Ligand code: HEM
């Protein structure tokens, strides 16, 4: 098992692209399918429009009580009913990365309530956070979410609340890639 993942936008893969929405900054080249592979790709597969490389890592901000709450309710990925997925690549500003860890945590949770707000949408939404800033990729994070069609509105509500938060003042590029299991 490797902690490396690649998201390939192209013509192949189990996820059909229903919409690509640039939220901040430059979007992504259109693709009809997305494939998620659990490896580091050395070369872009034939026919791919883009390849976003990432790795899963240890937690950075969660405190013990938050982790306990998350682990008690968070569902796993690949649930049968979760036929909707959203890939949201995000890049934060130089100003964010210039902050100290405790200053970032204060903005992330004390001022923006990221975990507290997110917890309200569990167990309906399954998620996985991928890191990529240290790989020299165009984004800092690839965030991945899965849910059943009846929870689309709740997920949109969650996105609005996240984007209204102090944390999002430091987001300089964000793209929403909406997917449906093909
Ligand atoms: C579904 C409910 C959600 C929950 C429970 C949740 C929870 C969390 C937690 C606990 C972390 C911190 C991980 C750590 O300690 O390293 C985190 C990080 C992050 N989440 Fe969420 N999240 C949710 C939804 C979202 C959404 C909708 C987005 C994007 C639109 C998002 C984007 C991020 C990003 C970019 C980070 C990394 C922040 C950084 O390190 O600067 N999350 N999330």
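Numbering (the numbering used here), first residue to last: 2 to 183.
Heads up, the beta-carbon is just placed ideally off N, CA and C, and yes, glycines get one too.
In this text, all values refer to a predicted model and were calculated from it rather than measured experimentally.
Looking only at its chain, what residues have a beta carbon closer than 7 Å to the beta carbon of residue 143, apart from the 5 residues adjacent to it on each side?
So the list reads 8, 53, 55, 88, 90, 131, 133, once near-sequence residues are dropped.
At the level of alpha carbons, what is the spacing between residue 127 and residue 78?
Each residue's Cα considered, the two are about 6 Å apart.
Comparing alpha-carbon positions, which option in 102, 10, 162 lies nearest residue 63?
The residue with the shortest Cα to Cα distance from residue 63 is 102.
Pick from 158, 182, 172, 120: whose alpha carbon is nearest that of residue 23?
With distances taken between Cα atoms, residue 23 lies closest to 172.
Can you tell me the Cα-Cα spacing of residue 117 and residue 110, whole angstroms?
Approximately 8 Å, taken between the alpha carbons.
Locate the beta strand (DSSP E) running through residue 182, then write down its first and last residues.
Per DSSP, residue 182 belongs to the beta strand (DSSP E) from 172-182.
Determine contact between the stretch 70-77 and the stretch 34-41, defined as no fewer than three beta-carbon pairs at a distance below 8 Å.
The answer is no - the stretch 34-41 does not touch the stretch 70-77, with fewer than three Cβ pairs under 8 Å.
Taking just the CA atoms, how far does residue 114 sit from residue 154?
Each residue's alpha carbon lies about 20 Å from the other.
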